[in-house]
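See structure below.
Protein chains in written order, with our numbering: chain A, 1 to 331; chain B, 1001 to 1331.
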């Protein structure tokens, strides 16, 4: 199966009308009145951002998740994406064909889950590791995008979901011996693995986010690191109460096996959680909570915005911890 | 110099207001009333689409050219782009810093030449060859984009510029011995090298294109191959007169050293010409010619659109040639 066959067989059915049947090397999008467009791009390299040799649906889904999470943080609805794939030369024949089929299945699943379509892209071959990049296009009503720069003094700092499960899922995938030695429950293993393998970008929270949040960031590079980005863009200080960071019962159990504060810090600085960190004024608390409840989504207030800069992290005695590694960098 | 320093030092000055100071992992574009957006994406791999070890301004410029040429073919004006770069791990320290500086200089040059800005993107490291991808955003007035699918029976087939100079420039760069053995003039060498190294996407032709063309494609993958794409998208037949394909005096001299028709076919099937192939009804001929003349741009009518499918290529006796290789594929 060559590039052309792959495009015709697997990708063309994924294309929306904007993609012009993938015959034009370009897409056309006709914005509705009063729409702003949000554009984001993320690239994954085999062996760095996903495991070597994993060319299938899971990797397609991860590529979608990293991009969709950036749109979710803006309060945007995804409408389409352009996809660039460099397939490794060592794959050929039926092996390549099987991976192409599996990869496009992953794309299709995510498209159907959130309702967007393929606009176009590019397929090439490489002697190196697989390299995949997507550019996503999202829309919001004009002026309603949530930026990182809007945090105000007195705002609460909130986070969706549970933090750190994906990190433990990654540990399990890389070297399970240490975690397994502590004899976790089967359902804990499932929690961690699911968080790492099948993250859910928080796109459905967008309406609540737009009506309550002053600033927002996705935390797939680490909660504390992203808190720093909001602090910097907003020119404010974010103070996080370490013990208010929400953990699943699985991760809470794990952290109590360790020196607990160190364990929580390691969960809060790890990446791969496709959750949202946002700031909102206290008078919006009820709206945040009811909006999340409708989605069965956990939300937790974990800190406060104040005058100043940077990120402070308080232990249970109210002492400010020094965090040396504030996020995972793939650089 | 790490990714963050590079972004701050070299990329942030290239960002427009849409890029939110590159602090948000996303860009916002607020379309004007009555605008359509054109989106296109192209990826270049070291050793496949550009020479191994060439990490500098020339490669940045090539990445821009392949994308801008796709926008030019739509009659669109570029407004911004997202850039994904995977830098090879073997580059580090001052060597990496020097390449980063040179690469961003190339980006800056093209931005200033055509008036667009950086919206965002992603930077990663790879164990493999350098891999770079750009997603460009262009605008046209609503409904005015030129597609590949609009060719009508009786339309003329036109091409801008000269064909094949870039192919000979590539030969010169890869293995100059054969060409040099035939003793070309120094200005011929310059013509070929300039066409390959410093292509000019035909963005300035967009107004004429929008008011005259029924279909258009950029021919960086080969003239005859793109004629096939227009034929397919338009469900028509394109017939090209081989001897009407415009050559520079340098390439014309070269083709006469060879079996001339075979030589012209090789020029017309090679890639790397950032010219436009378009169809237009005969009553627009004067507009096409005067529009091009204002830009000092050569335009040539090289064929006709008829009922049917595929591409025919006529020799000087009006016989239809069989073309075995209709374009260069990087697949």
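Think of the CB as a built atom: it goes at the ideal place given N, C-alpha and C, for glycine as much as any other residue. Small disclaimer: the values here were computed from a predicted structure and weren't measured.
query                                                                                                                                       : result
Environment of residue 1207 of chain B [buried if 16+ CB atoms lie within 10 Å]                                                             : exposed
N- and C-terminal bounds of the beta strand (DSSP E) containing residue 1219 of chain B                                                     : First-last for residue 1219 of chain B: undefined, no H or E at that position.
Under the three-state DSSP convention, the category residue 327 of chain A falls into                                                       : Annotation note: pLDDT 48 at residue 327 of chain A (below 50); position unreliable, coordinate value reported separately. Residue state, collapsed to three classes: coil.
Three CB pairs or more closer than 8 Å across the region 1126-1140 of chain B and the region 1080-1089 of chain B                           : yes
Chain-ordered chain B contacts of residue 38 of chain A [CB-CB under 9 Å]                                                                   : 1026, 1027, 1028 and 1029
Chain A within 8 Å of residue 1233 of chain B, Cβ atoms only                                                                                : yes
Beta-carbon contacts of residue 43 of chain A that lie in its chain and below 6 Å, excluding the five residues immediately before and after : 133
Partners in chain A for residue 1043 of chain B, counting only beta-carbon separations shorter than 9 Å                                     : 84, 85, 86, 121, 122, 123, 124, 131 and 133
8 Å Cβ cutoff, residue 1148 of chain B in contact with chain A                                                                              : yes
Cβ-based burial, residue 87 of chain A [other Cβ within 10 Å; buried from 16]                                                               : buried
Per-residue burial, residue 74 of chain A [other beta carbons within 10 Å of its own, 16 or more giving buried]                             : buried
Contact set between residue 271 of chain A and chain B, taken where Cβ atoms lie within less than 8 Å                                       : Correct list: empty, because the minimum Cβ distance to chain B is about 13 Å.
Nearest-angstrom Cα separation, counted from residue 203 of chain A out to residue 160 of chain A                                           : 11 Å
Residue closest to residue 30 of chain A, alpha-carbon to alpha-carbon, out of A:18, A:115 and A:41                                         : A:18
Residues near residue 1263 of chain B in its chain [Cβ-Cβ closer than 6 Å; skip 5 each side]                                                : 1255
Secondary structure of residue 1193 of chain B, DSSP reduced to three states                                                                : helix
Pair within 8 Å by beta-carbon distance, residue 1238 of chain B and residue 1250 of chain B                                                : no
Simplified DSSP state of residue 1097 of chain B, which is helix, strand or coil                                                            : helix
Residues of the region 1256-1290 of chain B with Cβ closer than 9 Å to any Cβ of chain A, in chain order                                    : none
Residue-chain proximity (residue 5 of chain A, chain B), Cβ-Cβ < 8 Å                                                                        : no
Buried or exposed (CB count within 10 angstroms, at least 16 for buried), residue 1067 of chain B                                           : buried
Pair within 8 Å by beta-carbon distance, residue 148 of chain A and residue 230 of chain A                                                  : yes
Exposed unless 16 or more other CB atoms sit within 10 angstroms - verdict on residue 320 of chain A                                        : exposed
The region 272-283 of chain A touching the region 1006-1016 of chain B, judged by at least three CB pairs closer than 8 Å                   : no
Near-chain A residues of the region 1041-1067 of chain B - C-beta to any C-beta below 7 Å                                                   : 1041, 1042, 1043, 1045, 1047 and 1048
Burial state of residue 1062 of chain B (16 or more Cβ within 10 Å)                                                                         : buried
Those residues which DSSP pairs with residue 1040 of chain B across a bridge                                                                : B:1136
9 Å Cβ cut-off: residues of chain A touching residue 1229 of chain B                                                                        : 23, 24 and 25
C-beta atoms of residue 123 of chain A and residue 89 of chain A nearer than 8 Å                                                            : no
Segment limits, alpha helix (DSSP H) that includes residue 167 of chain A                                                                   : 165-174
Residue 331 of chain A to residue 186 of chain A span [Cα, whole Å]                                                                         : With a pLDDT of 35 at residue 331 of chain A, under the threshold of 50, the predicted position of this residue should be treated as unreliable, though the coordinate-derived value follows. For residue 331 of chain A and residue 186 of chain A, the distance between alpha carbons rounds to 34 Å.
Burial state of residue 278 of chain A, where buried means 16 or more other Cβ atoms lie within 10 Å                                        : buried
7 Å Cβ cut-off: residues of chain B touching residue 74 of chain A                                                                          : 1026
Residue 1213 of chain B beta carbon less than 8 Å from that of residue 1305 of chain B                                                      : no
Pair within 8 Å by beta-carbon distance, residue 1223 of chain B and residue 1153 of chain B                                                : no
Chain B within 8 Å of residue 222 of chain A, Cβ atoms only                                                                                 : no
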